[in-house]
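In the numbering used here, the protein residues as written are 2 to 157.
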């Protein structure tokens, strides 16, 4: 199936904002926005949790905590300033990927158009060459016919 050349894409701020929002939302609802505290001894676990709380971390209520003999685990949400730095990095990464996607798409369209124009020109040249060859054959056939007619005329 022939692929059709499409119009080039340009930066669409609404689409970019939607992509950034989606990536940031995924970050906020994932383990990436948290640090995991895992210790085998309860007093050490408690001490580490208190250290995290002192640094501004809070319990991630959407992720499970677990307490089993010899294994105590909790997910702590990173402080707002750390999350904001990571969200800013995500926004930059998403924008770079979006721009790269646009560039790749436009380059593909340009390459597609180049190939289609090349093939069209090639077909035109092949058709012109075919017609030229056909004319040469026709001329040669006419000359051969005239030659044999002249010989036949002389023989009479």
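Cβ coordinates follow ideal geometry from the N, Cα and C atoms, glycine included.
Please read all numbers here as calculations on a predicted model, not as lab measurements.
Task: Supposed contact pair residue 46 and residue 54 - C-beta distance, whole angstroms, cut 8 Å - done: For the purposes of this step, residue 54 is taken as residue 53 along the chain shown, with counting starting at 1. For the purposes of this step, residue 46 is taken as residue 45 along the chain shown, with counting starting at 1. With a Cβ gap of about 13 Å, residue 54 and residue 46 do not count as contacting.
Task: the stretch 90-97 contacting the stretch 23-30, beta-carbon criterion three pairs below 8 Å - done: Per the Cβ contact rule, the stretch 90-97 is in contact with the stretch 23-30 (3 or more Cβ pairs under 8 Å).
Open item on the list: I'd like the list of long-range same chain contacts for residue 50, defined as Cβ closer than 8 Å, with 5 residues on each side in sequence excluded.
Closed with: Locating residue 50 in the chain shown gives position 49, counting from the first residue. In the same chain as residue 50, and ignoring 5 residues on each side of it, the C-beta atoms closer than 8 Å to its own belong to 38, 75, 77, in chain order.
Task: Span separating the alpha-carbon of residue 42 from that of residue 52 - done: Along the chain shown, one-based indexing puts residue 42 at 41. Along the chain shown, one-based indexing puts residue 52 at 51. For residue 42 and residue 52, the distance between alpha carbons rounds to 16 Å.
Open item on the list: Rounded to the nearest angstrom, what separates residue 2 and residue 138 at their Cα positions?
Closed with: The residue labelled residue 2 in the question sits at position 1 within the chain shown. The residue labelled residue 138 in the question sits at position 137 within the chain shown. About 36 Å.
- [ ] Ignoring anything shorter than 4 residues or poking outside the stretch 98-152, list the alpha helix (DSSP H) runs there in chain order.
- [x] You should have found no qualifying run.
Open item on the list: Looking only at its chain, what residues have a beta carbon closer than 8 Å to the beta carbon of residue 97, apart from the 5 residues adjacent to it on each side?
Closed with: As a first step, residue 97 is located in the chain shown; it is residue number 96 there, counting from the start. Result list for residue 97: empty, nothing under 8 Å.
Open item on the list: Going by DSSP in three states, residue 5 sits in which element: helix, strand or coil?
Closed with: Taking the chain shown and counting its residues from 1, one reaches residue 5 at position 4. In the displayed model, residue 5 falls within coil according to three-state DSSP, outside both helix and strand.
- [ ] Whole angstroms is fine: what's the gap from residue 82's alpha carbon to residue 114's?
- [x] If you number the chain shown from 1, residue 82 lands on position 81. If you number the chain shown from 1, residue 114 lands on position 113. Looking at the backbone, the Cα of residue 82 and that of residue 114 are separated by about 48 Å.
- [ ] Give, in chain order, every unbroken run of the alpha helix (DSSP H) that is at least 4 residues long and sits entirely within the stretch 49-96.
- [x] Those alpha helix (DSSP H) runs which fall completely within the stretch 49-96 and span 4+ residues do not exist here.
Open item on the list: Which residue marks the beginning of the alpha helix (DSSP H) containing residue 1, and which one marks its end?
Closed with: The shown model of the chain, from 2 to 157, leaves out residue 1, and the question about it has no answer.
Task: Test item: CB-CB of residue 121 and residue 79 under 7 Å - done: As a first step, residue 121 is located in the chain shown; it is residue number 120 there, counting from the start. As a first step, residue 79 is located in the chain shown; it is residue number 78 there, counting from the start. In this structure, residue 121 lies away from residue 79, with their beta-carbon atoms at least 7 Å apart.
- [ ] Determine, using beta carbons only, whether residue 73 and residue 40 come nearer to each other than 7 Å.
- [x] By one-based count along the chain shown, residue 73 stands at place 72. By one-based count along the chain shown, residue 40 stands at place 39. It is a contact, given that the beta carbons lie within the stated cut-off.
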